[in-house]
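The listed protein sequences correspond, in order, to chains A and B.
Heads up, the first sequence is in this note's numbering, so the first residue is 1 and it goes up one at a time.
Heads up, the second sequence is in this note's numbering, so the first residue is 1 and it goes up one at a time.
From the three backbone atoms N, C-alpha and C, an ideal C-beta is built for every residue, glycine too.
Keep in mind it's a predicted model, so treat the numbers as computed, not measured.
One structure is given below, encoded as structure tokens.
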Amino acid sequence: MRGSPFPPWIDRGRPLLAVAVALAPVYLIGLVYLAGSPRTTDVGYVPKQPVPFSHALHAGDLGLDCRYCHTSVERAAHAAIPSTQICMNCHEQVLPDSEKLALVRRSADSGDPIPWVRVHDLPDFAYFDHSAHVSRGVGCYSCHGRVDRMEEVKQVETLSMGWCLDCHRDPAPHLVPADRLTDLDWAMQTDQAARRKIGAELQRINNIQPSTDCSTCHR
Amino acid sequence: MTSPAIAISDNTSSDPRQRAPLITCAPDCALITETVCRVVEREKTPLAWYAAFAVSSSFTVVMFLAIGYLFLRGVGVWGNNIPVAWAWDIVNFVFWVGIGHAGTLISAILFLFRQNWRTSINRFAEAMTIFAVMCAGIFPAVHIGRVWVVYWLAPYPNQMQMWPNFRSPLLWDVFAVSTYATVSLLFWYLGMIPDLATLRDRAASRWRKLAYGLFALGWRGSARQWHRYERAYLLLAALATPLVLSVHSVVSFDFAVSQVPGWHTTIFPPYFVAGAIFSGFAMVVTLMVPARAFFGLKELVTIRHLDNMNKVILATSCIVGYAYATEFFIAWYSGSQYELFAFLNRARGPYYWAYWTMVVCNVVVPQVLWLKKCRTTPWIMVIVAILVNVGMWFERFVIIVTSLSRDFLPSSWGHYAPTRIDVAMLLGSFGLFFTLFLLFCRYLPMVAMAEVKAAVSHHPGSDHRH
């Protein structure tokens with residue numbers, strides 16, 4: 001049985017190789033695009049909340065400080081989702097009969113918490129601590145964006161490990177003076193060079209040296 | 001001298017006036033093809049092959065069961081624990097990588113030195129190299145604990161910005177071994193293409209013809225193909241040559257770059273490379289002797305080939321013995337009490353039996369190979385080679401376990417004992433190695449026919465047959 005064991009038409013398949021080679025860059029570009037696309041990173045995630053609470057109204061138009069509701073942000077790992085009682089501080093008096101607030105009133109009566117849907121959800125093996133960041137001058141804006149303009153809260157950053165490390169390696173552009181921590185407008189209006197200059201000075205004065213050891217975030 | 005048409009029975013003469021023939025059968029191309037292809041083409045697989053395959057594949061299954069158990073339960077199923085965080089896993093890894101050194105040495109370095117006797121054994125040794133590196137690769141891959149993130153060892157862009165630590169010899173190891181595996185595989189395969197084409201052309205059944213035809217890549221044996229083939233082979237040989245020295249040097253850096261007494265020495269790279277070639281040749285002899293007898297290759301793989309390999313074993317044994325002595329001398333000469341203790345502890349501590357097994361098997365036993373009688377008697381050399389393999393396994397055990405179990409601080413000393421899973425994985429790795437080896441013997445040409453023919457017959461009728 002001499003000769004080729006393959007039929008001659010097999011040679012006609014050779015152009016397929018050229019097609020495969022030509023498609024390789026398309027595949028690679030597609031792969032990188034998908035890896036970085038918002039569908040993968042969750043940027044722009046806006047879950048439906050049980051109560052149509054508007055940050056734009058409360059934090060923006062009315063000018064409530066973030067810390068009025070997120071009470072533990074300076075002292076604890078969690079910024080804390082406010083209890084229904086905090087809502088009721090105002091809403092006992094303001095719009096006490098609003099249809100939109102029915103669930104809030106029910107929660108206040110029964111003691112069952114409002115089932116808010118978490119927007120910024122880190123993996124369980126990452127131990128993020130709000131107090132460590134806020135007390136060192138990382139403003140709300142750096143991670144959460146213009147919450148004071150959001151009707152519904154939206155995730156604006158990737159919250160990926162690389163994104164964390166970018167700041168841990170170079171925190172200066174994200175450090176703000178203590179009285180500007182929750183001032184989202186200041187953070188956005190001040191130009192980048194000025195922010196970096198202020199941040200670098202704060203970093204020096206407060207001796208801020210973010211660690212990039214594994215155990216800093218993974219314990 | 002005229003070309004001998006009849007077979008020569010003994011080619012071990014060291015008479016310099018007469019070039020010893022490479023093979024003991026007639027230098028007849030058809031005969032060589034017939035001898036090698038017969039093994040692959042015989043209709044019925046020998047019963048002994050089935051028996052051996054049953055045993056070896058059972059052990060392979062045992063290994064994969066042990067690995068499955070390891071994945072389910074974690075590395076705690078092994079005996080490793082602080083302070084002996086590396087134990088049989090790394091012992092087995094270094095052992096198998098070492099075994100893999102004979103193949104490239106024979107195929108690349110001896111090729112560049114125009115040692116034509118390599119042609120009878122290079123295919124066999126290269127196959128062993130690849131199988132040994134496969135066995136070796138399993139251990140570091142499964143010992144990392146969280147195997148499902150093993151790809152973190154590779155530098156690739158990712159959202160975590162995690163990047164391997166390029167200052168760590170463990171990373172160099174990943175690259176050294178994977179490069180070695182790739183180049184060895186390419187070299188082995190490239191060298192086999194003309195022989196695969198021979199098997200394709202001789203194939204009697206359609207399936208064999210398709211299978212060998214697929215892997216022969218359309219080889220027709222034209223002058224242009226041969227020209228390019230030989231160029232490629234030479235280039236690959238040149239690429240593979242530094243790897244023979246680099247791979248085990250890098251493996252030795254895993255130890256030498258650390259500061260553990262008994263590890264932190266500059267002698268490690270050459271000492272490891274010599275040990276690797278030593279164990280690799282011993283494994284080739286161990287398997288070659290029964291294989292050449294069983295598959296009727298005695299005339300192609302002659303006693304002279306075995307004699308040559310035994311000389312390499314003897315030389316590397318002496319280098320290894322010299323390294324053992326140097327380690328002791330430097331331990332004393334350094335004036336470092338930790339270094340001196342590490343070596344006295346090897347010879348007289350709780351693992352003294354492992355140390356002396358190593359010395360006897362690696363240094364004392366191979367000395368019998370000074371005698372030509374021992375170098376040319378198959379059963380003697382097999383015993384020596386097996387003992388060398390035992391000794392070389394114990395060498396890695398001694399280096400790793402004695403140094404880790406007793407380092408600087410007596411309060412953190414510990415003792416290591418293997419578990420049943422450790423034993424299952426070692427035996428299983430042998431099972432995998434022999435399974436692959438048996439498949440190779442049955443389905444691929446064990447001797448590089450094209451190369452042997454070129455070496456025995458390029459000047460027919462003259463006495464320049466190298």
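Determine the direct distance from the alpha carbon of residue j to that of residue i, and round the result to whole angstroms.
{"i": "Arg-106 of chain A", "j": "Lys-48 of chain A", "result": "19 Å"}
{"i": "His-227 of chain B", "j": "Leu-16 of chain A", "result": "28 Å"}
{"i": "His-540 of chain B", "j": "Gly-139 of chain A", "result": "Residue 540 of chain B falls outside the range modelled here, since chain B spans only 1 to 466, and no answer is possible."}
{"i": "Ala-115 of chain B", "j": "Arg-12 of chain A", "result": "In the sequence as displayed, the identity of residue 115 of chain B is Gln instead of Ala. Cα-Cα distance, rounded: 43 Å."}
{"i": "Asn-222 of chain A", "j": "Val-147 of chain A", "result": "Any answer about residue 222 of chain A is impossible in this case: the structure gives chain A only from 1 up to 219."}
{"i": "Val-447 of chain B", "j": "Val-36 of chain B", "result": "6 Å"}
{"i": "Leu-444 of chain B", "j": "Leu-210 of chain B", "result": "14 Å"}
{"i": "Gln-192 of chain A", "j": "Ile-198 of chain A", "result": "10 Å"}
{"i": "Leu-427 of chain B", "j": "Phe-59 of chain B", "result": "7 Å"}
{"i": "Ala-238 of chain B", "j": "Arg-73 of chain B", "result": "45 Å"}
{"i": "Val-51 of chain A", "j": "Trp-86 of chain B", "result": "56 Å"}
{"i": "Thr-41 of chain A", "j": "Val-32 of chain A", "result": "12 Å"}
{"i": "Pro-25 of chain A", "j": "Ile-400 of chain B", "result": "46 Å"}
{"i": "Ala-178 of chain A", "j": "Ala-200 of chain A", "result": "14 Å"}
{"i": "Val-257 of chain B", "j": "Val-247 of chain B", "result": "15 Å"}
{"i": "Val-365 of chain B", "j": "Gly-391 of chain B", "result": "10 Å"}
{"i": "Phe-53 of chain A", "j": "Ala-194 of chain A", "result": "34 Å"}
{"i": "Tyr-271 of chain B", "j": "Val-382 of chain B", "result": "24 Å"}
{"i": "Ala-48 of chain B", "j": "Phe-440 of chain B", "result": "15 Å"}
{"i": "Ala-52 of chain B", "j": "Arg-219 of chain A", "result": "50 Å"}
{"i": "Tyr-338 of chain B", "j": "Gly-30 of chain A", "result": "57 Å"}
{"i": "Trp-207 of chain B", "j": "Pro-5 of chain A", "result": "9 Å"}
{"i": "Leu-175 of chain A", "j": "Val-75 of chain B", "result": "43 Å"}
{"i": "Ala-203 of chain B", "j": "Ile-106 of chain B", "result": "30 Å"}
Whose C-beta lies closer than 8 Å to the C-beta of residue i among residues of the same chain, with five residues either side of it excluded?
{"i": "Phe-71 of chain B", "result": "Val-142, Val-147"}
{"i": "Ala-454 of chain B", "result": "Thr-119"}
{"i": "Met-188 of chain A", "result": "Tyr-141, Arg-146"}
{"i": "Leu-165 of chain A", "result": "Thr-212"}
{"i": "Thr-71 of chain A", "result": "Ala-80, Pro-82, Ile-86"}
So, is residue i buried or exposed, given that buried needs 16 or more other C-beta atoms within 10 angstroms?
{"i": "Val-452 of chain B", "result": "buried"}
{"i": "Trp-117 of chain B", "result": "buried"}
{"i": "Pro-155 of chain B", "result": "exposed"}
{"i": "Gly-79 of chain B", "result": "buried"}
{"i": "Met-288 of chain B", "result": "buried"}
{"i": "Gln-155 of chain A", "result": "buried"}
{"i": "Tyr-324 of chain B", "result": "buried"}
{"i": "Ile-205 of chain A", "result": "exposed"}
{"i": "Ala-18 of chain A", "result": "exposed"}
{"i": "Met-160 of chain B", "result": "exposed"}
{"i": "Glu-327 of chain B", "result": "buried"}
{"i": "Ala-342 of chain B", "result": "buried"}
{"i": "His-144 of chain A", "result": "buried"}
{"i": "Leu-369 of chain B", "result": "buried"}
{"i": "Gln-203 of chain A", "result": "buried"}
Could you pull out every residue in the same chain whose Cβ sits closer than 7 Å to the Cβ of residue i, ignoring the five residues on either side in sequence?
{"i": "Thr-241 of chain B", "result": "Ala-108, Ile-109, Leu-112"}
{"i": "Ala-216 of chain B", "result": "Ile-193, Leu-196, Ala-197, Arg-200"}
{"i": "Phe-255 of chain B", "result": "Trp-263, Phe-268, Ile-399"}
{"i": "Ile-81 of chain A", "result": "Trp-116"}
{"i": "His-91 of chain A", "result": "Leu-101, Val-104"}
Counting only beta-carbon atoms, is residue i nearer than 8 Å to chain D?
{"i": "Leu-210 of chain B", "result": "The displayed structure is made up of protein chains A and B, and chain D is not among them."}
Short of 6 Å in beta carbon distance, which residues of its chain neighbour residue i, apart from the five on each side in sequence? Order them along the chain.
{"i": "Gly-213 of chain B", "result": "Arg-200"}
{"i": "Gly-100 of chain B", "result": "Thr-129, Ala-132, Val-133"}
{"i": "Asp-183 of chain A", "result": "none"}
Between the segment 157-172 of chain B and chain A, which residues of the former have a C-beta closer than 7 Å to a C-beta of the latter? Taking 7 Å as the Cβ-Cβ cut-off against chain A, the residues of the segment 157-172 of chain B that qualify are Gln-159, Met-160, Gln-161.
The segment 331-345 of chain B touching the segment 293-300 of chain B, judged by at least three CB pairs closer than 8 Å: The segment 331-345 of chain B vs the segment 293-300 of chain B: no contact.
Does the segment 127-138 of chain A come within contact of the segment 121-130 of chain B, defined as at least 3 CB pairs closer than 8 Å? Taking 8 Å as the limit for Cβ pairs, the verdict is that the segment 121-130 of chain B does not touch the segment 127-138 of chain A.
Listed from N- to C-terminal order along the chain, which residues in the segment 190-201 of chain B have their beta-carbon within a distance smaller than 9 Å of any beta-carbon of chain A? Flagged, chain order: Arg-200, Asp-201.
Short of 7 Å Cβ to Cβ, which residues in the segment 161-187 of chain A face chain B? With the criterion set as a beta carbon lying under 7 Å from some beta carbon of chain B, the members of the segment 161-187 of chain A are Met-161, Gly-162, Leu-165, in sequence order.
Whether or not the segment 431-439 of chain B and the segment 12-27 of chain B are in contact is what I'm after, with contact meaning three or more pairs of Cβ atoms, one per stretch, closer than 8 Å; do they touch? As far as the Cβ criterion goes, the segment 12-27 of chain B does not touch the segment 431-439 of chain B, which means the pair count is below three.
Between the segment 160-167 of chain A and the segment 106-116 of chain A, do at least 3 Cβ pairs fall closer than 8 Å? Too few Cβ pairs lie closer than 8 Å, so no.
If the cut-off is 7 Å on Cβ atoms, which residues from the segment 71-83 of chain B count as contacting chain A, listed in chain order? Within the segment 71-83 of chain B, no residue has a Cβ that lies closer than 7 Å to any Cβ of chain A.
Cβ pair count under 8 Å reaching 3, the segment 172-186 of chain B against the segment 243-261 of chain B: Taking a cut-off of 8 Å for Cβ pairs, the segment 172-186 of chain B and the segment 243-261 of chain B touch, as three or more such pairs fall below it.
If you measure beta-carbon to beta-carbon, which residues of the segment 382-402 of chain B are closer than 8 Å to chain A? Residues of the segment 382-402 of chain B with a C-beta atom less than 8 Å from some C-beta of chain A do not occur.
Count Cβ pairs between the segment 297-308 of chain B and the segment 375-382 of chain B that sit closer than 8 Å; are there 3 or more? Per the Cβ contact rule, the segment 297-308 of chain B is in contact with the segment 375-382 of chain B (3 or more Cβ pairs under 8 Å).
Give a yes or no on contact between the segment 308-324 of chain B and the segment 271-284 of chain B, applying the rule of three or more CB pairs nearer than 8 Å. The segment 271-284 of chain B and the segment 308-324 of chain B touch, with three or more beta-carbon pairs separated by less than 8 Å.
Where the segment 87-113 of chain B meets chain A: residues whose CB sits under 7 Å from a CB there: Residues passing the 7 Å Cβ filter: none.
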